[in-house]
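Heads up, the thing below is written out as structure tokens.
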Amino acid sequence: MSAPDDAHWMREAVRMAASGLGATAPNPSVGAVLVRDGIEIASAVTQPGGRPHAEAVALAAAGEAARGATLYVTLEPCAHHGKTPPCAEAVIAAGVARVVAGIEDPDPRVAGRGLAMLRAAGIEVLVGVEAKACRWVTLGHILRATERRPAILFKMALRADLTVPAGGDGRPSFVTSLEARAMGHAYRARSDAILVGSRTVIADDPSLTCRLPGMEHRSPRRIVLDGNLSALTPATKLARTAREVPVWVFTSAEAPHHKRAVLEDMGVRVTVLDAINSRPSIDAAVKRMADEGITRLMVEGGRAIWQAFAGRRLLDEAIVFVQWSEQLAQTWGKGSLEEPVTFERLSRFPFSPPMALVEQGTIGGDRFFCFERSGAA
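All residue numbers for the sequence shown refer to the working numbering, where the first residue is -15 and numbers rise by one.
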């Protein structure tokens, strides 16, 4: 039976897990909180690179105080021997009396075995507290284990007329405020990789890094879909900075070998995928990313690349920024958004999976709308 404070402490564990998103791949970002007599004695998140795991860090911080405590953890403690011993064994050895886990781990190496180990050792186990929040913060790991793909986030910035701004001559076109763009960079920091298509590289010559002060080290791996390597030239910012922040280009067998060689010499990782009309397969791309340990992918770029993913229902989250103006205010009921706001209405994508609006607000004078895939959590 769930105690009255279980939900409170699990929400704290979820907050810890969320703080590590984008930094722990290929492992999931897990939050762990140790509580004794209603007082938090230690908390931790999975460390950068995926090790040590959150449970091990929290137990080490608590020391002897962990004996008889309750451990709140967003994901079932692991049960397999990898590069580190199983967390379930560490929990048992520490003398923890009770474990509250948000969700079971779908990884076939765990899949209930960790919880079974705890129960066999006489530890009280409760599963399912704040399960929706725990599942959402762990979604990339879940999808990598069950569907061989990362969780996929769309980031879109739209003009007031809901069209996509287009750059030109290697210069991006910004329509939203500095504050909105900073929020977008925060989403980059929570991602393992960011992907654009060749048209965006040609039009904008983007860097695709996280440029929030103090967060530059959280820049995700940068991925380009470029079937014939016509966009990612040696002169682009991406190619010139490939040794600073990893760049990966998915291309086709038709790409000229000399272009591949030049990019590889600059530090770009060139990967040939199955392609149709020189366009790398999206399905093959997401599988390759999952195999390489990417759990959270952010898709930027323009409508063509978004449509390619949405048409395959490869969409789990979306953050849409809209330039606010008097024109839009009149269109949407004098600024009150009286008509229902839907992802389909904003994006004009008829083939995307059902998306639910979970948050909306104003930032820097612009509007933002956060959507999640219905039923995904």
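Don't be surprised by glycine CBs; every beta carbon is placed ideally from N, CA and C.
From residue i to residue j, what distance separates their C-alpha atoms?
i, j, result
"Ile119", "Ala150", "It should be noted that the sequence gives Arg, not Ile, for residue 119. One C-alpha to the other measures close to 36 angstroms."
"Val(-2)", "Gly22", "18 angstroms"
"Phe333", "Ala215", "26 angstroms"
"Thr(-13)", "Asp91", "Sequence inspection shows Ala at residue -13; the Thr mentioned does not correspond to that position. For Ala(-13) and Asp91, the distance between alpha carbons rounds to 28 angstroms."
"Arg51", "Thr160", "52 angstroms"
"Ala177", "Arg202", "10 angstroms"
"Met339", "Ile347", "22 angstroms"
"Gly33", "Thr8", "5 angstroms"
"Ala432", "Asp188", "Beyond the ends of the chain as shown, which are -15 and 361, falls residue 432; an answer cannot be given."
"Thr54", "Glu73", "15 angstroms"
"Arg132", "Val94", "17 angstroms"
"Thr220", "Ser182", "12 angstroms"
"Lys243", "Val111", "53 angstroms"
"Gly345", "Phe293", "26 angstroms"
"Gly349", "Pro190", "24 angstroms"
"Thr30", "Leu59", "11 angstroms"
"Val57", "His(-8)", "12 angstroms"
"Val306", "Leu43", "45 angstroms"
"Ala81", "Glu108", "6 angstroms"
"Gly295", "Ile266", "10 angstroms"
"Phe353", "Ala170", "15 angstroms"
"Pro218", "Ala164", "31 angstroms"
For residue i, does the count of other Cβ atoms within 10 angstroms reach 16, so buried, or fall short, so exposed?
i, result
"Thr374", "Coverage of the chain is limited to positions -15 through 361, which leaves residue 374 absent and any answer about it impossible."
"Arg195", "exposed"
"Pro70", "buried"
"Lys318", "Confidence in Lys318 is poor, its pLDDT being 49 and thus under 50, which makes the residue's placement too unreliable to answer from."
"Pro204", "buried"
"Lys116", "exposed"
"Phe335", "exposed"
"Thr147", "exposed"
"Pro264", "buried"
"Ile260", "exposed"
"Leu162", "exposed"
"Pro197", "exposed"
"Ala288", "exposed"
"Glu284", "buried"
"Pro61", "buried"
"Thr130", "exposed"
"Arg351", "buried"
"Gly4", "buried"
"Thr184", "buried"
"Arg227", "exposed"
"Ser358", "exposed"
"Gly86", "buried"
"Gly96", "exposed"
"His125", "buried"
"Met0", "buried"
"Glu301", "buried"
"Asp(-10)", "buried"
"Ala77", "exposed"
"Arg103", "exposed"
"Asp275", "exposed"
"Val113", "buried"
Between which two residues does the alpha helix (DSSP H) containing residue i stretch?
i, result
"Leu253", "Sequence check: residue 253 is Arg here, not Leu. No alpha helix (DSSP H) holds Arg253; the beta strand (DSSP E) holding it covers Arg253 to Val256."
"Leu99", "Arg97 to Ala104"
"Ile186", "Ser182 to Asp188"
"Met0", "Asp(-10) to Ser3"
"Ala77", "Cys71 to Ala77"
"Phe327", "Phe327 to Ser331"
"Val121", "Ala115 to Val121"
Tell me the residue span of the beta strand (DSSP E) that contains residue i.
i, result
"Ile289", "Careful: Ile289 lies outside any beta strand (DSSP E), inside the alpha helix (DSSP H) at Arg287 to Ala294."
"Val41", "Note, Val41: premise wrong, no beta strand (DSSP E); alpha helix (DSSP H) at Ala38 to Ala46."
"Thr54", "Thr54 to Leu59"
"Met199", "First-last for Met199: undefined, no H or E at that position."
"Glu163", "Where Glu163 is concerned, there is no enclosing beta strand (DSSP E), although the alpha helix (DSSP H) it sits in stretches over Leu162 to Ala173."
"Leu18", "Gly15 to Arg20"
"Ser27", "Ile23 to Val29"
"Val283", "Arg280 to Val283"
"Gln344", "Met339 to Ile347"
"Phe355", "Asp350 to Arg357"
"Ile303", "Glu301 to Val306"
"Val111", "Glu108 to Val111"
"Val83", "Arg82 to Ile87"
"Leu137", "Ala135 to Leu142"
"Arg205", "Arg205 to Leu209"
Which whole-angstrom value describes the C-beta separation of residue i and residue j, a residue pair presumed to lie in contact below a C-beta threshold of 8 angstroms?
i, j, result
"Ile25", "Ala46", "5 angstroms"
"Trp290", "Phe158", "Not confirmed; about 18 angstroms, so no contact."
"Val270", "Val233", "Not confirmed; about 15 angstroms, so no contact."
"Gly211", "Glu248", "Not quite, the Cβ-Cβ distance comes to about 17 angstroms (not below 8 angstroms), so this is no contact."
"Ile136", "Leu298", "5 angstroms"
"Val231", "Thr193", "So it is not a contact: roughly 11 angstroms between Cβ atoms."
"Pro134", "Arg128", "6 angstroms"
Can you find a C-beta in chain D that's less than 8 angstroms from the C-beta of residue i?
i, result
"Ala340", "This model lacks chain D altogether; it includes just one protein chain."
ask   = What are the complete alpha helix (DSSP H) segments, minimum 4 residues, inside the stretch 220 to 267?
value = 221 to 224 and 241 to 249
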